[in-house]
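J.:
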Ligand SMILES: [Zn+2]
């Protein structure tokens, strides 16, 4: 999974359905730094999709 940070919020790349963020020049990365906000669309684990 790749991620990018926009306006101090981390999104997956490509973004999740419902996410309005558009990656432009943001660098792609494969780790999630803990000091950023998480996009609720990209980063949320939806009920029922959670692995157990
Ligand atoms: Zn997002």
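Residue numbers (this note's numbering): 829 to 880. Cβ atoms here follow ideal geometry from the backbone N, Cα and C, with glycine treated the same way.
For residue 834, which residues does DSSP report across the bridge?
T.: Within the chain shown, the letter at position 6 stands for residue 834. The partner list for residue 834 (beta bridge, DSSP) reads 837.
J.: Taking the C-alpha atoms as reference points, what is the distance between residue 869 and residue 841?
T.: As a first step, residue 869 is located in the chain shown; it is residue number 41 there, counting from the start. As a first step, residue 841 is located in the chain shown; it is residue number 13 there, counting from the start. Taking the straight line joining both Cα atoms gives about 12 angstroms.
J.: Name the DSSP bridge partner or partners of residue 866?
T.: As a first step, residue 866 must be located in the chain shown, where it is residue number 38. Answer is 838.
J.: Report whether the distance from the Cβ of residue 869 to the nearest heavy atom of ligand 1 is below 7 angstroms.
T.: Start at 1 with the first residue of the chain shown, and residue 869 comes out as number 41. Yes, ligand 1 has a heavy atom inside 7 angstroms of this Cβ.
J.: Please identify the residue among 848, 839, 863 whose C-alpha is closest to the C-alpha of residue 854.
T.: Taking the chain shown and counting its residues from 1, one reaches residue 854 at position 26. It is 839.
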